[in-house]
Amino acid sequence: MARKPKAPKIVDPNAPPKCPFSRNEMCGLVKRYLKDPKSFDAKRDLFVMYRMWAKWPSADFWRVHQLPFQLNHVMWLIGKDGQEQLARDWSIFHLQLPKIEEVKLEAEKVGEDVVIERKPRTMAELLR
92 MARKPKAPKI VDPNAPPKCP FSRNEMCGLV KRYLKDPKSF DAKRDLFVMY
142 RMWAKWPSAD FWRVHQLPFQ LNHVMWLIGK DGQEQLARDW SIFHLQLPKI
192 EEVKLEAEKV GEDVVIERKP RTMAELLR
């Protein structure tokens, strides 16, 4: 009996890119955020991290991202404060500053020197 040909996979162009991290790498990323790595719950915490990956899909960002504090649970990232912190860190990570232009000074002065006579500001300067 002949097998039926497989239908071609339909790729959604709006879908986020597939996460490049293996399960072990993702576990390491999660444990980096936790105060106590023993509190790591693979099912819950990996669900949260894959959800964060869908929102901010950059492997370089997740490899270098550090919070200024440790978390009790990674679920904090889903909350309002976590979303604001990640959005701020994401924008800083992708910030492109313009190059600073060098100012070339000319060798010779342009114009004449002007001598400015200062008015006395104190009584001692007035009496001199």
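Count along the sequence shown from 1, then add 91; that gives the number in our numbering. Built from N, CA and C at the ideal position, the CB exists for glycine as well.
- Put simply, the segment 202-218 does not touch the segment 178-189. Fewer than three CB pairs are less than 8 Å apart.
- In this structure Leu177 is in contact with Trp147, their Cβ atoms being roughly 6 Å apart against a cut-off of 8 Å.
- By the beta-carbon neighbour count (other beta carbons within 10 angstroms, threshold 16), Asp136 is buried.
- A residue is called buried when at least 16 other Cβ atoms come within 10 angstroms of its Cβ; Leu196 does not meet this threshold and is exposed.
- If you look at Arg114, you'll find it in the alpha helix (DSSP H) that goes Arg114 to Tyr124.
- Closest in alpha carbon position to Trp144, among Pro211, Ile207, Met117 and Lys97, is Met117.
- For Arg179, the enclosing alpha helix (DSSP H) begins and ends at Lys171 to Phe184.
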